[in-house]
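Peer 1: Using numbering that gives the first Met the number 0, you'd call the opening residue of the sequence shown number 0 and step up by one each time. After the structure tokens below, expect a handful of questions from me.
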Amino acid sequence: MKPAARLLRWYRVHGRILPWRQTRDPYKILVSEIMLQQTQVERVKVFYRNWLKEFGSWKKLAAASNADVIIAWAGLGYNRRALALRDIARQVVEQGVPTTEEDWQSLKGIGPYTAAALSAFAQQKRTLPIDTNIRRVLGRYYFGKTFPDLKDDIRIRRKTESFLPKRGHYYDVPQAIFDLATMICTKAPDCARCPLKSDCKAASKFLSGNVKIPKRSTPKPNERKHRDKRYPDRIYRGRILKVVRVSVRVDSKKLGALIDPHFDAMLDYKWVENMIDRLVKDGMIKRTKNTLSL
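Here it is as structure tokens:
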């Protein structure tokens, strides 16, 4: 049995049941893909359902104001994703729903992975949306690399034609790989349970017990951090947005103390002003003199 067939057989038994896997609607799939960026699956489930109740179609989302979108996105984090999603919806309403991976990628806000995901999951095309999960599974399977990296993506993409079945549920293969990476082919894989172990070029290395699993490292942050503040500016911008969202209108002069209990007017005033300017520039909030609103 070919590897993809073994994988799909495993997936039919062990695959996760997720709401965005029950549809081929490109709008709903795009919503899930944007939400899943930097957010865990379990959290996305709740927000995904609520979002679709509020904005159930391209047209409804395209017509939404910045304030409407930000309020609906509240609690999910990385709020610029919400405006990016709305802006994509406006492009689709104006230009029509793309029919190819290349057309998806031509839309501002959609990169190679998301374009491939939409082609595979919404339009059932034979393509692999390569992310960290697919990179790990296929990098190990084909090349025996215990910890594949971005440089392997080109080689992995070349294997798409031979790995994906030419008929049947080839469009489910990426989802099956995602689940395999989550449940079995993790950083420290359980190769004995893997449906691909018989011909995976990395399995014997892990089963031998000689692979050193790297410890989780904390990458050196490259986010801007003001003075001796506990968190990067991104966190405080999120707090500003929350205060404005909840209070409707906020005096910018009082904002510092509302987002930071250690706010020092002498040392931190300009810092808060710069963050406000950034949020205004990004379209997150509006400013009329000293009054902030959505």
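In this text, a Cβ means the ideal position worked out from N, Cα and C, and glycines have one as well.
Checking 8 angstroms against the spacing of the C-beta atoms, do residue 69 and residue 81 come in under that value?
Peer 2: Counting from 1 along the sequence shown, the entry for residue 69 is found at position 70. Counting from 1 along the sequence shown, the entry for residue 81 is found at position 82. Yes, the Cβ-Cβ distance between residue 69 and residue 81 is below 8 angstroms.
Peer 1: Report the residue from 260, 250 and 262 whose alpha carbon sits nearest the alpha carbon of residue 287.
Peer 2: Sequence index remark: in the sequence shown, residue 287 carries index 288 (1-based). Checking every option, the nearest Cα to that of residue 287 belongs to 250.
Peer 1: Use the C-beta contact count for residue 110: other C-beta atoms within 10 angstroms, 16 or more gives buried, fewer gives exposed.
Peer 2: As a first step, residue 110 must be located in the sequence shown, where it is residue number 111. Residue 110 should be labelled exposed.
Peer 1: Are the stretch 131-148 and the stretch 199-207 touching, with three or more C-beta to C-beta distances below 8 angstroms?
Peer 2: yes
Peer 1: Using a 10 Å radius around the Cβ and a threshold of 16 neighbouring Cβ atoms, would you call residue 91 buried or exposed?
Peer 2: Start at 1 with the first residue of the sequence shown, and residue 91 comes out as number 92. Burial call: buried.
Peer 1: Closest by CA to residue 108, which one among 31, 123 and 88?
Peer 2: Within the sequence shown, numbered from 1, the residue matching residue 108 stands at position 109. Selected option, being the one with the closest Cα: 88.
Peer 1: Check the DSSP bridge columns for residue 156 and list the partner residues they point to.
Peer 2: For the purposes of this step, residue 156 is identified with residue 157 of the sequence shown, where counting begins at 1. Per DSSP, none; premise fails for residue 156.
Peer 1: By Cβ distance, which residues of its chain are closer than 8 angstroms to residue 254, with the 5 residues on each side in sequence left out?
Peer 2: For this step, residue 254 is matched to residue 255 along the sequence shown. Contacts found: 239, 242, 271, 275 and 291.
Peer 1: Just curious, the alpha helix (DSSP H) that residue 196 is in, first and last residue?
Peer 2: Your numbering for residue 196 matches position 197 in the sequence shown. Counting along the chain, residue 196 falls outside any alpha helix (DSSP H), and DSSP gives it neither H nor E.
Peer 1: Tell me the DSSP secondary structure of residue 64 in three-state form.
Peer 2: Counted from its first residue, the sequence shown places residue 64 at position 65. Of the three classes helix, strand and coil, the one that applies to residue 64 here is coil, per DSSP.
Peer 1: Would you kindly report the start and end of the unbroken beta strand (DSSP E) that includes residue 286?
Peer 2: Counting from one through the sequence shown, the residue named residue 286 turns up at place 287. Counting along the chain, the beta strand (DSSP E) containing residue 286 begins and ends at 285-287.
Peer 1: Is the distance from the Cβ of residue 25 to the Cβ of residue 163 below 8 angstroms?
Peer 2: To locate residue 25, count along the sequence shown from 1; it is residue 26. To locate residue 163, count along the sequence shown from 1; it is residue 164. No; because the gap between Cβ atoms is not below 8 angstroms, this pair is not in contact.
Peer 1: For the stretch 28-48 against the stretch 188-196, do three or more pairs of beta-carbon atoms, one drawn from each stretch, fall closer than 8 angstroms, so that the two count as touching?
Peer 2: no
Peer 1: CA-CA distance, residue 52 and residue 112?
Peer 2: If you number the sequence shown from 1, residue 52 lands on position 53. If you number the sequence shown from 1, residue 112 lands on position 113. Looking at the two C-alpha atoms, the distance is approximately 26 angstroms.
Peer 1: Quick one: grab the DSSP three-state call for residue 246.
Peer 2: What you label residue 246 is simply residue 247 of the sequence shown in a count that begins at 1. Here residue 246 sits in helix by DSSP.
Peer 1: Determine the DSSP secondary structure at residue 35, reduced to helix, strand or coil.
Peer 2: Counting from one through the sequence shown, the residue named residue 35 turns up at place 36. Note: residue 35 maps to helix in three-state DSSP.
Peer 1: Buried or exposed for residue 32, please, with buried defined as at least 16 other CB atoms from any protein chain shown within 10 angstroms of its CB.
Peer 2: Translated into the one-based positions of the sequence shown, residue 32 becomes position 33. Buried: at least 16 other Cβ atoms inside 10 Å.
Peer 1: Starting from residue 113 and walking both ways along the beta strand (DSSP E), at which residues does that stretch end?
Peer 2: Walking along the sequence shown from the start, residue 113 turns up at place 114. Run containing residue 113: none in the beta strand (DSSP E); it sits in the alpha helix (DSSP H), 111-120.
Peer 1: Do residue 5 and residue 147 come within 8 angstroms of each other at the CB atom, strictly closer than that value?
Peer 2: Taking the first residue of the sequence shown as position 1, residue 147 is located at position 148. Taking the first residue of the sequence shown as position 1, residue 5 is located at position 6. Not closer than 8 angstroms, so no.
Peer 1: Have a look at the DSSP bridge pairing and note the partners of residue 291.
Peer 2: Position 292 of the sequence shown, counting from 1, holds the residue named residue 291. Partner(s): 249 and 286.
Peer 1: Does the stretch 203-210 come close enough to the stretch 255-265 that 3 or more CB-CB pairs lie under 8 angstroms?
Peer 2: No: the two stretches stay apart, fewer than three of their Cβ pairs being nearer than 8 angstroms.
Peer 1: Indicate whether at least one CB of chain B lies closer than 8 angstroms to the CB of residue 284.
Peer 2: Here there is only one protein chain, and chain B is not present.
Peer 1: Output needed for residue 103: all residues of its chain with C-beta closer than 6 angstroms, excluding positions within five of it in sequence on either side, in chain order.
Peer 2: Sequence index remark: in the sequence shown, residue 103 carries index 104 (1-based). Hits under 6 angstroms: 97, 109, 114 and 117.
Peer 1: Can you tell me where the alpha helix (DSSP H) with residue 131 in it begins and where it stops?
Peer 2: Sequence index remark: in the sequence shown, residue 131 carries index 132 (1-based). 131-142 is the span of the alpha helix (DSSP H), which, as asked, contains residue 131.
Peer 1: Considering only the beta carbon of each residue, do residue 75 and residue 34 sit closer than 8 angstroms?
Peer 2: Numbered from 1 along the sequence shown, position 76 holds the residue referred to as residue 75. Numbered from 1 along the sequence shown, position 35 holds the residue referred to as residue 34. The answer is yes: Cβ separation under 8 angstroms.
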